[in-house]
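Okay, structure first, notes after.
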Amino acid sequence: MKVFAIYGFSKSGKTESIAKIINELKRRGYKVGAIKKSYHHDVEYDIKGKDTYRMEQSGADIVGGLSRSRAALFYNYEVKPLDFIKLFNTDYLVIEGRLDIAIPKIFSAAGKSELEELNDPLVFAITGKISESMEEYRGIPVINALKRTKDLVDLIENKVFPLLPQINCEECGFDCAGMAERILKGEKDVKDCAILQRNRVKIMVGGKPMHLAPFLENMLINVIKGFLSPLKGYEDGHELYIRIRE
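Taking the UniProt record's numbering, the leading residue of the sequence shown gets 1, the next gets one more, and so forth.
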């Protein structure tokens with residue numbers, strides 16, 4: 001899944017830009033997810049008086065709503081951004097707002113003074129009202145998402161890459177932010193991420209992949225093989241499959 005964010009100042013045109021980008025990605029045949037990051041208040045999506053609202057108010061930790069054409073889950077506790085992202089299974093995931101994860105970003109600005117706040121090496125494009133008055137800023141393309149939607153989505157297709165593991169193992173020589181920066185510059189490829197390319201251990205928890213740092217992966221392999229090797233039927237050199245049900 002390819003993940004990117006659009007963030008910036010309020011009233012700069014973020015939401016309108018995101019709507020146009022999602023529409024164009026859908027037109028191109030992609031399955032698209034979207035997340036809104038709220039900074040100043042709790043997320044409120046349920047409707048007062050409805051059954052799911054009453055379930056939530058009764059103290060349920062997670063409330064679900066299911067119909068023939070739609071489904072929703074409400075978590076009444078803090079969910080880590082990366083765990084929340086892993087719930088999505090789409091071609092692209094668009095995040096409105098800034099999360100502390102290493103992903104490509106688009107900065108939305110209304111005026112030049114807001115660009116002075118920009119100091120993020122993971123920003124690969126600028127959009128918003130500022131795009132009415134300039135086409136480039138410090139080597140970063142400035143593209144009007146409302147008028148040049150196709151051009152911006154072309155750039156997204158070219159720049160945005162699959163989500164890195166976000167474990168900062170530095171086996172590639174960089175943390176995930178450093179690796180993401182170099183991928184955006186064309187100096188590295190997502191295939192250079194050692195964790196994503198390693199296939200020795202695959203762990204799924206609740207249908208979601210769990211990535212391990214190299215030393216933890218090796219430790220797990222040694223523990224499992226050490227436990228199984230004395231048992232009858234074990235043969236070294238074969239693929240192991242273990243499934244644990246709770």
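We treat Cβ as the ideally placed atom computed from N, Cα and C, and that holds for glycine.
Determine the DSSP secondary structure at residue i, reduced to helix, strand or coil.
i: S108; result: strand
i: G59; result: coil
i: V160; result: coil
i: P81; result: helix
i: I35; result: strand
i: A71; result: strand
i: A194; result: helix
i: Y234; result: coil
i: I244; result: coil
i: L152; result: helix
Between which residues of its own chain and residue i is the CB-CB distance below 6 Å, once the five residues before and five after are set aside?
i: G97; result: Y7, K37
i: G33; result: F88, T90, L93
i: A177; result: A102
i: residue 276; result: Absent from the structure is residue 276, since the part of the chain shown begins at 1 and ends at 246.
i: V3; result: L93, I103, L163
Closest to residue i by CA distance: which of the options is it?
i: G29; options: D61, S69, Y53, T90; result: T90
i: K80; options: I183, N218, Q166; result: Q166
i: K208; options: M55, I21, L82, N168; result: L82
i: E181; options: Q197, D151, L164, E239; result: L164
i: R27; options: E187, P141, D154, M1; result: D154
i: N222; options: L99, L240, Q197; result: L240
i: K138; options: E117, R148, K150; result: As written in the sequence, residue 138 is Arg, which differs from the Lys given in the question. Nearest of E117, R148, K150 to R138, Cα basis: E117.
i: D151; options: I85, L25, D192; result: L25
i: C193; options: D100, K185, E171; result: E171
i: V123; options: V142, S113, G111; result: V142
i: F215; options: S10, I85, E246, C169; result: C169
Give the range of the alpha helix (DSSP H) segment to which residue i is assigned.
i: G226; result: 214-228
i: M179; result: 176-185
i: L25; result: 14-27
What residue does the beta strand (DSSP E) around residue i start on, and which one ends it?
i: K208; result: 208-210
i: G8; result: 2-8
i: T127; result: 123-127
i: L93; result: 92-96
i: I47; result: Where I47 is concerned, there is no enclosing beta strand (DSSP E), given that its DSSP letter is neither H nor E.
i: M134; result: Per DSSP, M134 belongs to no beta strand (DSSP E) and is neither H nor E.
i: I203; result: 203-205
Ordered along the chain, which non-local residues of its own chain (more than five positions away) have a Cβ less than 8 Å from that of residue i?
i: S229; result: D236
i: L146; result: G13, E16, S17, K20
i: V190; result: F161, P162, L164, I183, L196
i: I224; result: L240, I242
So, at 7 Å on beta carbons, what are the nonlocal neighbours of residue i in its own chain, with the 5 sequence-adjacent residues on each side left out?
i: G65; result: T52, A71, A72
i: E56; result: D46, V63, F74, N76
i: V201; result: L212, E217, L220, I221
i: K188; result: M179, R182
Three or more C-beta pairs below 8 Å linking the segment 86-105 and the segment 153-164: yes
Any 3 or more C-beta pairs closer than 8 Å across the segment 52-72 and the segment 130-143: no
The segment 3-18 / the segment 57-70 touching (three or more Cβ pairs under 8 Å): no
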